[in-house]
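Position one of the sequence shown corresponds to residue 1 (UniProt numbering), numbered consecutively onward.
Note that CB positions come from ideal geometry on N, CA and C, so glycine has one too.
To start, the structure itself, in structure tokens.
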Amino acid sequence: MEMSARNRLKGTVKSLKEDGLMAQVTVELPDGQSITSIITRDAAQALSLQQGDTVYAIIKSTEVMIGK
């Protein structure tokens, strides 16, 4: 997979919940942390996502906020 995005995190699909038009994908990172993404159900099906699959969470954002 080639792409210009540099903010990608390799992990494993921990859970996949499809509901209506959307799917919630939770990815477990190697250090035990998790990141969750909401994608379309069509996209999840096109990728044939299943629990245990190795995937990349690709983060695209125009800003990063810090709170304290």
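> In the structure shown, what three-state DSSP assignment does residue 109 receive?
Replying inline: There is no way to answer for residue 109, as the model of the chain reaches only from 1 to 68.
> Comparing alpha-carbon positions, which option in GLY52, GLN51, LEU21 lies nearest ILE39?
Replying inline: LEU21
> According to DSSP, what are the bridge partners of GLU2?
Replying inline: Answer by DSSP bridge pairing: none, since GLU2 is not bridged.
> Going straight from the alpha carbon of LEU9 to that of PRO30, what length do you get?
Replying inline: 9 Å
>> Using 8 Å for Cβ pairs, my map puts ASP53 next to THR26. What's the rounded Cβ distance?
In response: About 12 Å separates the two Cβ atoms, so there is no contact after all.
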